[in-house]
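Peer 1: Residue numbers (the working numbering): 3 to 357.
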Ligand SMILES: [Zn+2]
Ligand SMILES: [Zn+2]
């Protein structure tokens, strides 16, 4: 098998040739055909998250130690089944095209048992985060229950459902019901923000305010159905946003949070899913006086991914701009994403790579 690995954080990924693993127990070996490139891959590549105030969270503390294979938006073909797969699933067969749910928990704790593996408290097995991911021709999936049929959905778009669409879907679900005149801001119109707009439209939210520092991304957001846009570099950005009922912050930077939370109307809710970095400093009394809610959202659970796939199959999610690139451009794709040169999503094509 071939993979593109982090050998040293922040340095270009290296092409590595290795023996293809044999699936054990309930494992399924997937021949990866598409792998989406996500903004959080950048942080793992760099090796840390910025916690603000000079503090950092290093990814090695949660088990991501180079050499490491990124990639948590995997689509591929079932290539081999572990000896116990038939005991847990009758449906999975070699040759099936499947989307892989990557946010896998321990499967044993109360949180996992309640179907919230993405919030597992005792040992996550997130593919591409602390287990080998999809920037490879092959990957092991612990159990066939994490494989989802995406029949009829474009391959590259389907791959992006596993993180970007799922994250947006789960974040939007944390907003309270919106009235006809309520406005919801989407902060950050990269891959996640664009699919976030599509998800909000699908939920019946009509007044979406797209926010970004890049006019090209704002134009893409307007095409996907935003009602108006705010360039957050504008001197009056805070006034333009004032009174929003809800917000999905796909950036998660100190500046976006200060702007968005400050613009919430009383009773508004602010959902943070971006991991850009920094810290939030906010006076306490107004949180109570304004009755605002600030909540985090991290990817989504398996059931939510099934719901997202069902929407995509019914063509009820507008495909965001997706650029499919040869797998060998994995490093270049990360560089472009870092420099803000990507509109929508880059998806790597591993189908053409001879394994
Ligand atoms: Zn992601
Ligand atoms: Zn667990």
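Here a beta-carbon is modelled for each residue, glycine too, at the ideal position from N, C-alpha and C. Remember, predicted model here, so these are calculated numbers, not experimental data.
What does the shell around ligand 2 hold, if a residue joins when its beta-carbon is under 7 Å from any heavy atom?
Peer 2: Here the residues come out as 107, 108, 109, 110, 111, 113, 114, 119, 122, 123, 124 and 125.
Peer 1: Assuming contact is defined by CB atoms lying nearer than 8 Å, are residue 170 and residue 345 in contact in what I supplied?
Peer 2: In the chain shown, the residue the question calls residue 170 occupies position 168. In the chain shown, the residue the question calls residue 345 occupies position 343. Cβ atoms of residue 170 and residue 345: not closer than 8 Å.
Peer 1: To the nearest angstrom, how far is the alpha carbon of residue 32 from that of residue 45?
Peer 2: The sequence position of residue 32 within the chain shown is 30, counting from 1. The sequence position of residue 45 within the chain shown is 43, counting from 1. Going from the Cα of residue 32 to the Cα of residue 45 covers about 25 Å.
Peer 1: What are the boundary residues of the alpha helix (DSSP H) that includes residue 41?
Peer 2: Reading the chain shown from its first residue, position 39 is the one you call residue 41. First-last of the alpha helix (DSSP H) with residue 41: 41-48.
Peer 1: Which partner residues of residue 325 appear in the DSSP bridge assignment?
Peer 2: By 1-based counting over the chain shown, the position of residue 325 is 323. DSSP, once it has assigned bridges, lists 348 as partnering residue 325.
Peer 1: Count the other C-beta atoms from every protein chain shown that fall within 10 angstroms of the C-beta of residue 137, then say buried if there are 16 or more, exposed otherwise.
Peer 2: Counted from its first residue, the chain shown places residue 137 at position 135. Buried, by the Cβ-count rule.
Peer 1: Taking contact to mean 3 or more Cβ pairs, one atom from each stretch, closer than 8 Å, check whether the segment 305-322 and the segment 148-168 are in contact.
Peer 2: Yes, they touch.
Peer 1: Any heavy atom of ligand 1 closer than 7 Å to the Cβ of residue 2?
Peer 2: Residue 2 cannot be examined here, being either before or after the span of the chain that is shown, 3 to 357.
Peer 1: Can you tell me where the beta strand (DSSP E) with residue 141 in it begins and where it stops?
Peer 2: To locate residue 141, count along the chain shown from 1; it is residue 139. Looking at the DSSP string, the run of the beta strand (DSSP E) that includes residue 141 is 140-143.
Peer 1: What do you reckon, is the C-beta of residue 74 under 7 Å from a heavy atom of ligand 1?
Peer 2: Taking the chain shown and counting its residues from 1, one reaches residue 74 at position 72. Because some heavy atom of ligand 1 lies under 7 Å away, the Cβ of residue 74 counts as near it: yes.
Peer 1: Check for me: the alpha helix (DSSP H) holding residue 262 runs from which residue to which?
Peer 2: Numbered from 1 along the chain shown, position 260 holds the residue referred to as residue 262. First-last of the alpha helix (DSSP H) with residue 262: 256-265.
Peer 1: For residue 177, collect the residues of the same chain with a Cβ closer than 7 Å to its Cβ; drop the 5 residues on either side in sequence, then sort them by chain order.
Peer 2: Walking along the chain shown from the start, residue 177 turns up at place 175. 186, 248, 271 and 273.
Peer 1: Within the present structure, is the beta-carbon of residue 158 separated from the nearest heavy atom of ligand 1 by less than 7 Å?
Peer 2: As a position in the chain shown, residue 158 is number 156, starting the count at 1. Answer for residue 158: no, Cβ out of range of ligand 1.
Peer 1: Of the choices 126, 180 and 12, whose alpha-carbon is the least far from that of residue 108?
Peer 2: Taking the first residue of the chain shown as position 1, residue 108 is located at position 106. When each option's Cα is compared against that of residue 108, the closest is 126.
Peer 1: Indicate the three-state DSSP secondary structure (helix, strand or coil) for residue 94 in the structure shown.
Peer 2: For the purposes of this step, residue 94 is identified with residue 92 of the chain shown, where counting begins at 1. In this structure, residue 94 counts as coil in the three-state DSSP scheme.
Peer 1: Is residue 228 near residue 212, with beta carbons less than 8 Å apart?
Peer 2: Against the chain shown, residue 228 aligns to sequence position 226. Against the chain shown, residue 212 aligns to sequence position 210. A contact, by the Cβ cut-off of 8 Å.
Peer 1: Could you give the DSSP three-state label for residue 34: helix, strand or coil?
Peer 2: By 1-based counting over the chain shown, the position of residue 34 is 32. Note: residue 34 maps to strand in three-state DSSP.
Peer 1: Once the 5 residues before and after residue 162 are set aside, which same chain residues still bring their CB inside 8 Å of it?
Peer 2: On the chain shown, residue 162 is found 160 positions in, with the first residue counted as 1. The answer, listed in chain order, is 38, 75, 193, 197, 322, 324, 347 and 349.
Peer 1: Exposed or buried, what is residue 63 when buried is set at 16 or more other beta-carbons lying within 10 Å of its beta-carbon?
Peer 2: Along the chain shown, read from residue 1 onward, the residue named residue 63 stands at position 61. Exposed, because fewer than 16 other Cβ atoms sit within 10 Å of the Cβ of residue 63.
Peer 1: Using 8 Å as the Cβ pair cut-off and three pairs as the minimum, do the segment 72-86 and the segment 15-28 touch?
Peer 2: They touch, by the three-pair rule.
Peer 1: Can you grab the Cα-Cα spacing for the pair residue 208 / residue 288, in whole Å?
Peer 2: Locating residue 208 in the chain shown gives position 206, counting from the first residue. Locating residue 288 in the chain shown gives position 286, counting from the first residue. When rounded, the distance between both Cα atoms is 28 Å.
Peer 1: Quick one: what's got a C-beta closer than 7 Å to residue 327's C-beta in the same chain, skipping five residues either side?
Peer 2: By one-based count along the chain shown, residue 327 stands at place 325. Contacts found: 335, 348, 350 and 351.
Peer 1: Should residue 299 be counted as a contact of ligand 1 given a C-beta to heavy atom distance under 7 Å?
Peer 2: Here residue 299 corresponds to residue number 297 of the chain shown, with the count starting at 1. The answer is no for residue 299.
Peer 1: Below 7 Å CB to CB, which residues in the same chain sit around residue 133 once its five sequence neighbours on both sides are set aside?
Peer 2: Reading the chain shown from its first residue, position 131 is the one you call residue 133. 127.
Peer 1: Can you tell me the Cα-Cα spacing of residue 65 and residue 246, whole angstroms?
Peer 2: Locating residue 65 in the chain shown gives position 63, where the first residue counts as 1. Locating residue 246 in the chain shown gives position 244, where the first residue counts as 1. When rounded, the distance between both Cα atoms is 39 Å.
Peer 1: Could you spell out where the beta strand (DSSP E) holding residue 187 opens and where it closes?
Peer 2: Here the question's residue 187 lines up with position 185 in the chain shown. Per DSSP, residue 187 belongs to the beta strand (DSSP E) from 185-189.
Peer 1: Should residue 237 go down as buried or exposed, given a rule of 16 or more other Cβ atoms within 10 Å for buried?
Peer 2: For the purposes of this step, residue 237 is taken as the residue at position 235 of the chain shown. It is exposed - the Cβ of residue 237 has fewer than 16 other Cβ atoms within 10 Å.
Peer 1: Please classify residue 284: is it buried, with 16 or more other beta-carbons within 10 angstroms of its beta-carbon, or exposed?
Peer 2: For this step, residue 284 is matched to residue 282 along the chain shown. Exposed.
Peer 1: Hey, residue 22 and residue 357 are a contact pair by Cβ (cut 8 Å); roughly how many whole angstroms apart?
Peer 2: Locating residue 22 in the chain shown gives position 20, counting from the first residue. Locating residue 357 in the chain shown gives position 355, counting from the first residue. Sure, about 7 Å apart at Cβ, within 8 Å.
Peer 1: DSSP beta-bridge partners for residue 128?
Peer 2: Numbered from its first residue, the chain shown carries residue 128 at position 126. Bridge partners of residue 128: none, in fact.
Peer 1: Would you call the CB atoms of residue 297 and residue 263 closer than 8 Å?
Peer 2: Along the chain shown, read from residue 1 onward, the residue named residue 297 stands at position 295. Along the chain shown, read from residue 1 onward, the residue named residue 263 stands at position 261. Not in contact: residue 297 and residue 263 (Cβ atoms no closer than 8 Å).
Peer 1: Quick one: what's residue 206 bridged to in DSSP?
Peer 2: Translated into positions along the chain shown, residue 206 becomes position 204. Paired residues: none, contrary to the question.
Peer 1: For residue 363, which of 315, 268, 214 and 303 has the nearest alpha-carbon?
Peer 2: In the structure as shown, the chain begins at 3 and stops at 357. Residue 363 is therefore absent and cannot be evaluated.
Peer 1: State the beta-bridge partners of residue 4 as determined by DSSP.
Peer 2: Numbered from its first residue, the chain shown carries residue 4 at position 2. For residue 4, which the question treats as bridged, DSSP gives the partners 19.
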